[in-house]
Structure formats: structure tokens, C-alpha cells
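So the sequences go chain by chain: A and B.
With the first letter of the first sequence counted as 1, position 67 gets the number 93 in my numbering; the numbers rise by one all the way through.
With the first letter of the second sequence counted as 1, position 228 gets the number 230 in my numbering; the numbers rise by one all the way through.
Cβ atoms here follow ideal geometry from the backbone N, Cα and C, with glycine treated the same way.
Below is one structure; the comments refer to it alone.
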Amino acid sequence: MGHLSYEESKKKVFQGLILLGAVTLIEVGLSLFGKGYIISGVENYSWVAYVVGLGLIVLSLYKAYFIIYDFMHMRYEVKGLALSVLLPTLLLVWAIIAFFQEGGSWKSRRDQIKEKNAEPAQKQGMLPDDVYRIDNLG
Amino acid sequence: MATTDTVVEHEVHDEKELWSGANAPFKASYGKLMMWYFLLSDAFTFAGFLIAYGSLRFSSPTWPVPDFVFKTHPFGDSELPLIFVTVMSFLLIISSVTMVRGVQEGQRNNTRGVVFWMLLTVFGGIGFLSCQAWEWNNLIGTEHMTVTRNPFGTHTEAGVYLNEDGTESSEVFEAGASFLIHKAGGHGHGDDHGDAGHGDAADDHSGGHDDGHGAADATAAGDFKGHVVDQEGFLHRKYKVTEGANAGVVKVEEFGPKAFGALFFFITGFHGFHVLSGVVFLIIIMLNAGSGLYVERDNGHEMVEKIGLYWHFVDLVWVFVFLVFYLL
Numbered sequence: 027m028g029h030l031s032y033e034e035s036k037k038k039v040f041q042g043l044i045l046l047g048a049v050t051l052i053e054v055g056l057s058l059f060g061k062g063y064i065i066s067g068v069e070n071y072s073w074v075a076y077v078v079g080l081g082l083i084v085l086s087l088y089k090a091y092f093i094i095y096d097f098m099h100m101r102y103e104v105k106g107l108a109l110s111v112l113l114p115t116l117l118l119v120w121a122i123i124a125f126f127q128e129g130g131s132w133k134s135r136r137d138q139i140k141e142k143n144a145e146p147a148q149k150q151g152m153l154p155d156d157v158y159r160i161d162n163l164g
Numbered sequence: 003m004a005t006t007d008t009v010v011e012h013e014v015h016d017e018k019e020l021w022s023g024a025n026a027p028f029k030a031s032y033g034k035l036m037m038w039y040f041l042l043s044d045a046f047t048f049a050g051f052l053i054a055y056g057s058l059r060f061s062s063p064t065w066p067v068p069d070f071v072f073k074t075h076p077f078g079d080s081e082l083p084l085i086f087v088t089v090m091s092f093l094l095i096i097s098s099v100t101m102v103r104g105v106q107e108g109q110r111n112n113t114r115g116v117v118f119w120m121l122l123t124v125f126g127g128i129g130f131l132s133c134q135a136w137e138w139n140n141l142i143g144t145e146h147m148t149v150t151r152n153p154f155g156t157h158t159e160a161g162v163y164l165n166e167d168g169t170e171s172s173e174v175f176e177a178g179a180s181f182l183i184h185k186a187g188g189h190g191h192g193d194d195h196g197d198a199g200h201g202d203a204a205d206d207h208s209g210g211h212d213d214g215h216g217a218a219d220a221t222a223a224g225d226f227k228g229h230v231v232d233q234e235g236f237l238h239r240k241y242k243v244t245e246g247a248n249a250g251v252v253k254v255e256e257f258g259p260k261a262f263g264a265l266f267f268f269i270t271g272f273h274g275f276h277v278l279s280g281v282v283f284l285i286i287i288m289l290n291a292g293s294g295l296y297v298e299r300d301n302g303h304e305m306v307e308k309i310g311l312y313w314h315f316v317d318l319v320w321v322f323v324f325l326v327f328y329l330l
């Protein structure tokens, strides 16, 4: 594991502290910028939200890469170990796409249910009208 | 001839060691390899939680804005969005760095160094847990958020709040503005919390929240001209919509999406529980290291490396909890 000398690796650790701290501060600044705290008004543009969101995700993934490769020493493990741990997480890409798609579809279905509830009930069958009222059904 | 004999002998010897587990897959020890796979499975658990958060957020017409929800901190009256949680992040990052130093000292078999850096790591973890305790206490005790109730709402239409006599007030808000529903009667409402929806609709105490303003009257459930007090004592202000298809309609502030409270407490609670168990194991391994146990062992301070992997993972998960809950 010790590919670097003791003094070198000691120095590298504190460089890592400065790097992670700086990236975290940039993230917080970027997030507040996207919410319009630094320059008011930018929060009204939807593309600002997308760019800021993408930037935050990229910076977080960079932090994750740094923690895994330097702090957890994945850099010095055999390639097979790194692949067997990291490749399965690619399954999450599909999970994210599928579940977020599902979430969006629930939202539009929610609106649809609201619209249908607002429509006047149609008379059908031979029973009296109030049988079909929503509070009698459920 | 003699050489081949030794080769054969050697191979047989190797074979025996193989059967008794001499071959380490990926050149890693059993313990470290299993720690990696445990962390992989734990990553899937957290990913499942965070993806649930994302899909429920996408499925809701409104969602609480994080910089409105998380702007309280214990250092004074002013509101600083996201600052307190940034302090929490730095505590975890610093404790991760001290952990790396502890592992390095372990590789040199420097017992004193291991104990020193692990002790600092434990302090970082306890500091993080203390901050989280304050955050939870504030959300539950002061702002009345629970697993099934989320008092942080968002306006979907622009409008203007009503005065106590039912006339329009000067408090105008736009679509997307956040509000916090307080308990009626000024009892323990968030300190200066909520610019758009300051819970105290009654104008007689707009200047300060003196304790003596007729608590019995204000907390009684009922429908008033300027607000509605529900059975649990929450004060929902009334407002008149000023734009869009519903312009002119008087509406009542509603609670925000319920799922927010449950997701927040389950996900940060699950992470906090990881931190807590990490602190417990750090203390145990620190005491073992201090007693000189690992110097005696064949694999040296490998236990310190293994708890180190776990501790970095806790920091790694926080990177994503921080991203999903607080930054986005």
C-alpha cells in the first residue's frame, strides 16, 4: 500500500483536506447562487437551475471519487477489486432513470385525478343519482 | 532431478495452502474484501432511500425549498441558509482526514499516533452527532415537523394574505414562495422563521411575541376571517389569489407534502445511526490499539484500516445526503 514515502503521503492527506473543503464551499456557494441569494433574480430562469444542479452533481461525484480513490486507497488495490466494487453501482443509473420517470408520471396522474374529480358526475344506469356520488362509493 | 523433486514438493505444498485458504482473491485480505462488499451493499440501501426521495419529489406538485427549511442555526437570531449544515459537513470531512492519518500511523505500527488520530476522529463524529441532535430538536420541537406532518408549504399561486378582519393586507407573495405553518397562540413558533407566512396573523402582537396575548382564544380551533386554526392547534393563514385562473378566490395555507418529513427523518436518521455505530467501533478499536493488541498481530493494524474504510464511507454517503437534501 505504501507507494509513497511517509512524508509524501502525510502531505497528500492535508492537500486532500483543503481540496474537499474547497469543493464543499464551492458547492454551497453554487447552491445559494442558484436560489438567488448572491444575485437576486437568477432563480427565475429555469436553465440556471439545470446548470447549477448539474454542476452540484458533478462536484459531488468528484468528491466521492476522491474519497474512494485517495482516502479509501482504492488507487492501490488490484483492478479486479476496484471493478467488482464500482461496476455494480452502474445499476443505479437505470434505477434513477426509471424511478424519476415514474415519479413524473405520478405527478401528471395526480393532475388527471384532480381534473376527473372536478368533472360533474355522469348519470348512468337506472339507480338514483346519489348512488354514484363519490362519498357513497368509498 | 533433485530440482524437479523440490518443485513438485513445492507445488504440493502450495496446493495444501490453497485448500486451507492461502490464496487471497484480489490480493486483499478476507476482512478488507468483505468490508468493501458490505459497503457496496450499504451504498445500495442509501441509494434506494435517496432515489425514493427523488421520485417522491418529482411526483409532488410542490416541495419544500431546502434553503428555507434549513436556515436555522444555534449561533444567534439571524438566518443563514445552509451554513449550519456546511459546518456539519466540515466536521465529517475533517474527521475523515484524521482517520487517514490514523491508518498511516497504524501502517508504521506507531500506537501512540493511532490512538491520537483516532481520538480526534471520535471527537469529529461526536460533534457531527451533536449538530444533528440540535437540528432534529429544532425541527421537531420548534417547527413541529414529524414523520407524518410537514409544516413547510409552498405557494403555487401568487396572492395576498388577509388581515384579521378579512381585508387584504400588505403581505404579497409570488408563486413558489415558502411558508411555515406555526402553532397558534405564539407558543414555540420558529424563531423569526418564515418571511412569507409568519404564523402570527393577529395584528395585536406583530411587533413582538409577548407571552400574555390571550393564548386561550388564539389556540381554539375554528374558522376565522383571517385564518383557520385546525384541531391540532396549527394556524393556517387565509390568502386571496391574485393571478391566474383562480384570481380572487380566498384559500387557506395547506401543509406541505407529507413525504418530506418521513424521508428527512429516515434518511438523516439512518445516516446518523451509521455515524453513531462508527463512533462506537472507533472507540473499541482505539482502545484495542492503545493496549498494544494490534502490534502483536500478524496483520498489524489492519483493524484500523477496516474501520477507516467504514468511516470514509459514512463521509461518502454524507456527500450525497448533503447534495440531495440541502443543495439541490
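Following the DSSP letters along the chain, one finds B:Gly-33 in no beta strand (DSSP E) but inside the alpha helix (DSSP H) bounded by residues 32 to 61.
With a cut-off of 8 Å on Cβ pairs, the segment 115 to 123 of chain B is not in contact with the segment 145 to 152 of chain B, counting fewer than three such pairs. Nearest to B:Gly-127 by alpha-carbon distance, out of B:Phe-86, B:Glu-307, B:Ile-285, is B:Ile-285. Distance from the Cα of A:Lys-105 is smallest, within the candidate group B:Val-89, B:Phe-28, B:Met-90, for B:Phe-28. Contact with chain B is absent for A:Lys-37, since none of that chain's Cβ atoms lies less than 8 Å from the residue's Cβ. The Cβ of A:Glu-141 sits no closer than 8 Å to any Cβ of chain B. Just so you know, the alpha carbons of A:Ile-94 and A:Ser-72 end up roughly 33 Å apart. For B:Tyr-241, the beta-bridge partners assigned by DSSP are B:Tyr-163, B:Lys-253. If you ignore the 5 residues before and after B:Thr-150, its C-beta comes within less than 8 Å of the C-beta of Lys-260, Gly-263, Ala-264, all in its own chain and listed in chain order. In chain order, Leu-131 place their CB closer than 7 Å to the CB of B:Leu-278, counting only its own chain and leaving out the 5 sequence neighbours on each side.
Neighbours of B:Leu-311 in chain A, taken as residues whose beta carbon is under 8 Å from its own, are Met-98 in chain order. CA-CA distance, A:Leu-30 to B:Leu-318, rounds to 24 Å. Taking the C-beta atoms as reference points, B:Gly-104 is found no nearer than 8 Å to B:Val-282. Among the bridge pairs identified by DSSP, A:Val-74 is matched with none. Distance from the CA atom of B:Val-87 to the CA atom of B:Phe-72, rounded to whole angstroms, is 8 Å.
CA-to-CA, the gap between B:His-303 and B:Met-101 works out to about 13 Å. Judged by pairs of C-beta atoms under 8 Å, the segment 222 to 233 of chain B does not touch the segment 290 to 302 of chain B, as fewer than three such pairs exist. Nearest to B:Gly-246 by C-alpha distance, out of B:Phe-327, B:Phe-51, B:Glu-176, B:Gly-292, is B:Glu-176. With at least 16 other beta carbons inside 10 angstroms of its own, B:Asn-140 counts as buried. In the structure shown, the three-state DSSP call for A:Lys-105 is helix. In this structure, the CA atom of B:Val-323 is about 45 Å from the CA atom of A:Pro-146. Per DSSP, the beta-bridge partners of B:Asp-225 are B:Val-230. A:Ser-134 is classed as exposed because its beta carbon has fewer than 16 other beta carbons within 10 Å across all chains shown.
Spatial neighbours of B:Asp-232 in its own chain (CB-CB distance under 7 Å, excluding positions within 5 residues in sequence) are listed in chain order as Ala-223, His-238. Contact between B:Gly-258 and B:Phe-154 holds: their C-beta atoms lie close to 5 Å from each other, under 8 Å.
Among the residues facing chain A, B:Arg-103 is included, as its CB has a counterpart in that chain under 8 Å away. Using a Cβ-Cβ distance cut-off of 8 Å, the segment 107 to 115 of chain B and the segment 44 to 55 of chain A are not in contact, since fewer than three pairs of beta carbons, one from each stretch, lie closer than that value. Within the same chain, and ignoring the five residues on either side of B:Leu-52 in sequence, the residues whose Cβ sits closer than 8 Å to its Cβ are Ile-269, Phe-322, Val-323, Val-326. Between the C-alpha atoms of B:Ala-179 and B:Ala-49 there is a straight-line separation of about 30 Å. Rounded to whole angstroms, the separation of the alpha carbons of B:Tyr-328 and B:Gly-129 is 19 Å. Secondary structure of B:Phe-77 (DSSP, three-state): coil. Between B:Val-162 and B:Tyr-241, the CB-CB gap stays under 8 Å.
Residues of chain B whose Cβ lies closer than 7 Å to the Cβ of A:Gly-106 are, in chain order, Phe-28.
Taking all protein chains in view, the Cβ of A:Thr-115 is surrounded by fewer than 16 other Cβ atoms within 10 Å, so the residue is classified as exposed. Distance from A:Gly-60 to A:Ala-75 at the Cβ level is roughly 6 Å; contact confirmed, criterion being Cβ atoms closer than 8 Å.
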